[in-house]
Each structure stands twice: as C-alpha cells, then as structure tokens.
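For the record, the sequence lines run as chains B and S.
Under our numbering, the first residue of the first sequence is numbered 1, with each subsequent residue one higher.
Under our numbering, the first residue of the second sequence is numbered 1001, with each subsequent residue one higher.
First the structure, in the form of structure tokens, and then the observations on it.
Protein chains: 2
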Amino acid sequence: MMAQDFGKRISKKKRQIVSTATDLFTKHGLKRVTVEEICQRAGASKMTFYKYFPNKMALFRHIMNGMIEDGYKKLYEIDAIDIPFREKMQKLIQYKIELGSKMNREFINEMLGPVPETMDFWQEIQVKNCQLFIDFVTKAQGRGDIRKMRPEFILAVFNKLLELILDEDLRKIYTDYAEFIREVNSFFFFGILPVEKQEHRE
Amino acid sequence: MMAQDFGKRISKKKRQIVSTATDLFTKHGLKRVTVEEICQRAGASKMTFYKYFPNKMALFRHIMNGMIEDGYKKLYEIDAIDIPFREKMQKLIQYKIELGSKMNREFINEMLGPVPETMDFWQEIQVKNCQLFIDFVTKAQGRGDIRKMRPEFILAVFNKLLELILDEDLRKIYTDYAEFIREVNSFFFFGILPVEKQEHRE
DNA sequence: AGAGATTTTACTATATTCGTATACATTATA
DNA sequence: TATAATGTATACGAATATAGTAAAATCTCT
C-alpha cells in the first residue's frame, strides 16, 4: 500500500511546480508571477498546486527555505574541508557570487517591495543566515584563523564586499574577472588576518 | 508662449516614461508590467501617461516602432559604409546579437503569448523587417556581392544562424566567443558567396 | 500674475487572480 | 480486476488589481 512513501519520493508534479516557480520567481519576482502561470508551465493543474501548497506565499517560503538549506549545507561543507581558511573564504565568496546572480538586489527589492508579508519573512531569513555565518566566523576565531573582532561586524563587511563584487561598473575596470575577485578577496584578508599571520604589516 | 514646442523637444516626463517602460517591458514582457508601475518608476503620474499615450498598448507600439526605426537606421548606415560586403554582414550580425540579448525569443514569446493583439503587431513588424533586409540583400546581389538566390531564403537562413549564435549550449563549446562568431560568419559566407569569389571550392 | 504642465485624489467599470467544489481520467499496485 | 492515489478539466464566487477618467490642487515657468 506504499503507505508513508517512506518520506523519500516527492511527487514529480510537486517537483516540477517548485522548479518552474523558482525560475519564474527569480526572474520576475513574487508579485508578477501567477499561480495559474506556474501551473501551466509546470504542466500541472491548479488543483494539484493547492494539493501541495496552501497558497502562493507558502510555495515561495518553501523555495526560499530550500535555498537557505542549500546555503547551510554549502557553508558546512566548505567548513569541513581541510584547507586553509583563506581558501575556504574564497570558496564561500564564489558560492555567494553564483547565488547573487539569481538572488540579486533587484530581485529581492522586487519581492520586498509591494508585499508586506515578505518583509517579515526576509527578516527571518537574514537572521538565520547571520547566525550561520557568525558560527562559521566564531569557529575560525577559535582556531586562530582570524582576529578577534565582532563576528557581526565581519559579516557586515563581507556583505559589503559582496555588493562590490556584484557592482557591474566596478567589474568593468578589470579586464580579468578573476583578478578582480582576487583583489577583493585579498583586501578582505589583509583586513582580518591576525597580526602574527600577516607578512606585510607596517 | 513656447507654442508648438517646435516639434523638437520631447517632454522630459514622456522620455522618462518611455525609457523606464522599455526597461520593464524588455525584462518582464508587456503583460507583467502595469501602467501604474511604469508611472511610479518614471516619477510621473498616471494622468501624464494618458496625456501622451492613449493606453499601454500604444506605448508598447511606440517603443517597438522606435526599435524598428533604430534597426532601419543601423542597416542603412551599415550599407552606406564603403567596406566589403562580408564586413557589412559581420557588423549586421554584431548588431543583431546586441539586440538579441534584449529582444530574445523568451521575451517575444512572453509578449506574444497571452495578448492576442500583439500577435498582429508582431506580424507587422516582421514584415517590415523582412522587406528591409530583402532590399539590403537585393542591392548586394545587384553589386554581385552575393549569389542570386531568393532573398527570402537568405533572410530565413540568416535568422536561423542568429538563433544558433544565441544558443547558450553551443556557445559553451567554444572557449573563445569571438571564434564562435567568426565560425558562424564564415559558414554563412562560404554558403552565399558567388562562385567566382570563392577561393576554397571543390 | 497667468498659462501650461503635472500631480493628487477619488472614483467606476472591467479584468484578473485566488482558492474551492465537483465530476472525471489516469496510473499504480495489491 | 478492484482499490487507492494522483492528477485533470471546468466552472465558479469573491477578493483584488488594473485601466482609464474627472476635477481640483499644485507646480513651474516667464
């Protein structure tokens, strides 16, 4: 009787709904996208949609949570690898950049803009993400990889530098994109490396 | 009393409306974008909008016509330069590619999709564009730059090759993007160059 | 001050979207 | 085959959004 489904197999239709909705949301934002449109493109009927999600916002939350989850895993994964902290950071930045191309500020604003409900949700997410990153930094501090500064401050700086990387105009200055990234990365590092590990200090 | 405005100066607000609408339409398509949204982002009131355009579709047509106009000028401009036909073609392809990044198929489909009115309009545009390109080809044939083939056929091939260029997957095969373009271009040419001008013929 | 452009606010008719109810079709499996 | 589970088609009412208009207030020039 297949009973509980063993919690494993997620309905094909559900997956299709989620994936097409992800596409549409990241492209056009929450408000512009219609439940009916999602269903049409997913090749599912509206009834199926409401079988799996109570409403559009729930689907959206589901998707966002998935993204957070991915970020969580990624961060944990990176932290577990046995490489110098600096390389970990590099990997993290790389990941955030890839994410950033989808989750850019415009996209976020578009979602935050008109729907007040999303504001609170976004706050939630930010807080979660914060905590995660702060743990990451705290661990690194425990190992002496970075100076003892308020992790919250480091997070803020990190985010500001990410904004810098996503800045199209600045990017144009560099002929080589990789060089640009290295530049930011190295800047970030000579700011947070503990004194005893820094070679170029005046 | 500034009277007729001398037909020169287009109201700043109108220009802003047109430009923000162009942005929004190219990003999200006709249907997803709201008159109110355009006005808000353009910093204009709805009344101003309806002062200049009778409705959303009219604005859309205005924008599209502008693009056609640009294409017209560009083609004429390219045709007028005293360079080999092959280089003209290269320039034309370059231009179409730039345009293609905005006017991609997805965008077009999105507009054609739900609004039946746009279908007819798009037909109109296609016909105009066709005629233009066909003139271009006919002239070239008159000069002996290309073989005597039905211009309509050449247009069709040209468009197919453009689709090829915009194909992400194919693009990935080439490490150098310029090489890719050259490849397509050269393929196109050794297909249409008149026999006496071809060097590598079996 | 005075004319034209622009905004603000308020409003209506229309269209869209949401979410549900019902009856029907498909698939899988015991 | 019988029995569920899953999905579809269609239609529907209610809430909401949008288009487009009207009239009065405000702004911006000269």
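Backbone N, C-alpha and C fix where the C-beta goes; we use that ideal spot for every residue, glycine too.
Just so you know, these numbers come straight off a predicted model, no measurement behind them.
Beta carbon proximity, residue i to chain B, threshold 8 Å
i: R1086 (chain S); result: no
i: R1171 (chain S); result: no
i: R1032 (chain S); result: yes
i: H1062 (chain S); result: no
i: T1020 (chain S); result: no
i: G1007 (chain S); result: With a pLDDT of only 34 at G1007 (chain S), under 50, the local geometry of the prediction cannot be trusted, and the value read off the model is given with reservation. So, not an interface residue.
CB of residue i within 8 Å of CB of residue j, strictly
i: F53 (chain B); j: I146 (chain B); result: no
i: V1018 (chain S); j: I1063 (chain S); result: yes
i: K56 (chain B); j: V35 (chain B); result: yes
i: F1060 (chain S); j: L1030 (chain S); result: yes
i: L1236 (chain S); j: Y1072 (chain S); result: In the structure as shown, chain S begins at 1001 and stops at 1202. Residue 1236 (chain S) is therefore absent and cannot be evaluated.
i: T1020 (chain S); j: R1041 (chain S); result: yes
Own chain, CB closer than 7 Å to residue i, minus 5 neighbours either side, in chain order
i: Y95 (chain B); result: K74
i: F136 (chain B); result: L75, D79
i: F180 (chain B); result: R171, Y174
i: R32 (chain B); result: none
i: K1091 (chain S); result: I1078
For residue i, the nearest candidate out of the options (CA to CA)
i: F1158 (chain S); options: S:V1127, S:M1089, S:K1172; result: S:M1089
i: M47 (chain B); options: B:L92, B:K14, B:V33; result: B:K14
i: G66 (chain B); options: B:V33, B:I83, B:E77, B:T22; result: B:T22
i: R1143 (chain S); options: S:I1083, S:V1127, S:L1092; result: S:I1083
i: I1068 (chain S); options: S:A1178, S:C1130, S:I1093; result: S:C1130
i: A1140 (chain S); options: S:C1039, S:R1032, S:E1087; result: S:E1087
Anticipated Cβ contact below 8 Å, residue i with residue j, distance rounded
i: Q16 (chain B); j: A44 (chain B); result: 6 Å
Own chain residues within Cβ distance below 6 Å of residue i, not counting five before or after
i: H1028 (chain S); result: none
i: D176 (chain B); result: none
Sequence-distant residues of its chain with Cβ nearer than 8 Å to residue i (five each side left out)
i: C1039 (chain S); result: I1017, S1045, K1046, T1048, F1049
i: E37 (chain B); result: L24
i: E77 (chain B); result: none
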